[in-house]
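Here the structure is laid out as structure tokens; the discussion comes afterwards.
Protein chains in written order, with my numbering: chain S, 1 to 253; chain A, 1001 to 1248.
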């Protein structure tokens, strides 16, 4: 389990995160939603240690991550996998080397075993025959899937996904959502996803956190996210013509 | 005052980054492989430009010597002797280092900067990689090991170019070679190698600092690459002056 206790963060005097307390459950898809600029990415970067909080604690399984030494943080980070918004694949390496990177860096096993693991991970994200291709030769959806394969290659306990659906068509988005959800349950890991995608919210949101102006505004799950009285959350969810119409129809019924 | 404060802040950040970069590599096998790769792109790929510049400058140096030292009291070996001194002590270790600063510093800064803005460095950090050591240390070692070889090559090619330039202007090959061999001291070569090592350290660390700490977008890649070249060139010249005073 990951826990945030009284987390605040500001940049150049502007407060981005205000006194945030959240628990992210193990074995579930935890979704962080909110408008652009609400602090989602800062929150995720604070979670993984790319930003250090001004106040508060980030706990991984009871260990205070932000107060550890760099060496101790590195040990915790070996338990993490992260999917970045643009994939962040290493462009000087082919797909096989990208996925193999975290295994080769920290695990002592034969090349054959590492290759088996790479193929298993690529197979898991439904990618075959791309081992020798370069990241620039792949489509956006394929790159995201490679990023997921790389994130799960070292058997992480914690999986972080920063807007995994951004820039993808709806069908590919659903594929990515299902993939992340399946992996979370199969491996029983703590998954945290930053997203704008309402389809992800209603499909895989087992624990949904709504951030508004840097504050934790609402917390619930996919069953009650559509029926909440929270005005800001409703404004966020039902902002498009389509979702407004669906809401009106549901209200009439 | 503000500039001075910024300078010390940047210098402090540079030293802290180097402290991280010089930590023991997490995986020695990967480090060795990366270092060989960096030797290829920073060293071997620089051989053509080093050869071209050395042969022409070597020839130009000897031609200038012949044109400016035309006096019956000067012995004929003076041209070879003076050219050797100029090439070993100044031209090869300093001017070629400036050329390498232009080629390698911009390459290192733009490579690391692109990795920074595309979140590749963040991705490695989240995996638990000491990115400073993984990305920067192989580049520093590759420069430290390969630049001296480039400078030896540059001296050799420069002297050959000087021979061609001299013979084209009436200097006999015998007198030129005699001048090159006259009172040869290994101290000059040792000095040139020490200076090259210092220059390699300057180029690789300043460029790595510029690229690694980059913030912003693609425009910043160009700005920081230019800064890497300018700053490493200026520092090379300052250190060159200090070392010349110190060693001679």
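Positions of the beta carbon are idealized from the N, C-alpha and C atoms, including for glycine.
Residues of chain A with a Cβ closer than 9 Å to the Cβ of residue 146 of chain S do not exist, since the nearest Cβ in that chain sits about 12 Å away. Here the alpha carbon of residue 21 of chain S sits roughly 35 Å from the alpha carbon of residue 1019 of chain A.
Taking a C-beta cut-off of 7 Å against chain A, the contacting residues of the segment 35-63 of chain S are 48 and 50, listed in chain order. C-alpha of residue 1026 of chain A to C-alpha of residue 1084 of chain A: approximately 44 Å in a straight line. Residue pairing by DSSP places residue 30 of chain S opposite S/192 and S/207 in a beta bridge. The three-state secondary structure of residue 239 of chain S, taken from DSSP, is coil. Non-local C-beta neighbours of residue 89 of chain S in its own chain, meaning closer than 7 Å and more than five positions away in sequence, comprise 98, 135, 143, 146 and 147, ordered along the chain. Under the 8 Å criterion on CB atoms, residue 104 of chain S is classed as interfacial with respect to chain A.
Chain-ordered, the chain S residues with CB closer than 8 Å to the CB of residue 1030 of chain A read 104 and 105. Just so you know, the alpha carbons of residue 200 of chain S and residue 1138 of chain A end up roughly 42 Å apart.
When DSSP states are grouped into helix, strand and coil, residue 14 of chain S belongs to the strand group. With a beta-carbon spacing of about 6 Å, residue 1098 of chain A and residue 1233 of chain A fall inside the 8 Å limit used to define contacts. Counting only the Cα atoms, residue 174 of chain S lies some 18 Å from residue 186 of chain S. In this structure, A/1154 is the residue among A/1008, A/1012, A/1154 and A/1077 with its C-alpha nearest to the C-alpha of residue 1046 of chain A. The beta carbons of residue 1117 of chain A and residue 1179 of chain A sit no closer together than 8 Å.
For residue 131 of chain S, the secondary structure class from DSSP, reduced to helix, strand or coil, is coil. DSSP places residue 81 of chain S in the uninterrupted beta strand (DSSP E) bounded by 80-83. Contact between the segment 80-89 of chain S and the segment 153-163 of chain S is present: 3 or more CB-CB pairs across the two stretches fall below 8 Å.
Listed along the chain, the chain A residues whose CB falls inside 7 Å of the CB of residue 82 of chain S are 1123 and 1126. Nearest Cα to residue 1209 of chain A within the set A/1004, A/1014 and A/1006: A/1014. If you look at residue 1064 of chain A, you'll find it isn't in any beta strand (DSSP E); it sits in the alpha helix (DSSP H) that goes 1047-1068. Judged by DSSP in its simplified three-state form, residue 51 of chain S adopts coil rather than helix or strand.
In the displayed model, residue 1074 of chain A falls within coil according to three-state DSSP, outside both helix and strand. For residue 140 of chain S, the enclosing alpha helix (DSSP H) stretches over residues 140-153.
With the rule of 3 Cβ pairs closer than 8 Å, the segment 1161-1169 of chain A does not count as touching the segment 1134-1150 of chain A.
With its beta carbon at least 8 Å from every one in chain S, residue 1038 of chain A lies outside the interface. Scanning its chain for C-beta atoms nearer than 6 Å, with the 5 sequence neighbours on each side dropped, one finds no residue around residue 1095 of chain A.
Nearest C-alpha to residue 237 of chain S among S/208, S/214, S/10 and S/215: S/208.
For residue 159 of chain S, the enclosing beta strand (DSSP E) begins and ends at 158-162. When DSSP states are grouped into helix, strand and coil, residue 1219 of chain A belongs to the helix group.
DSSP places residue 56 of chain S in the strand class (E or B) of the three-state scheme. For residue 90 of chain S, the chain A residues whose Cβ falls inside 7 Å of its Cβ are 1120, in order along the chain. About 17 Å separates the beta carbons of residue 49 of chain S and residue 1 of chain S, which is beyond the 8 Å limit, so they are not a contact pair. Annotated three-state conformation of residue 1026 of chain A is coil, per DSSP. From the beta-carbon of residue 1224 of chain A, no residue of chain S is found nearer than 7 Å; the closest lies around 18 Å away.
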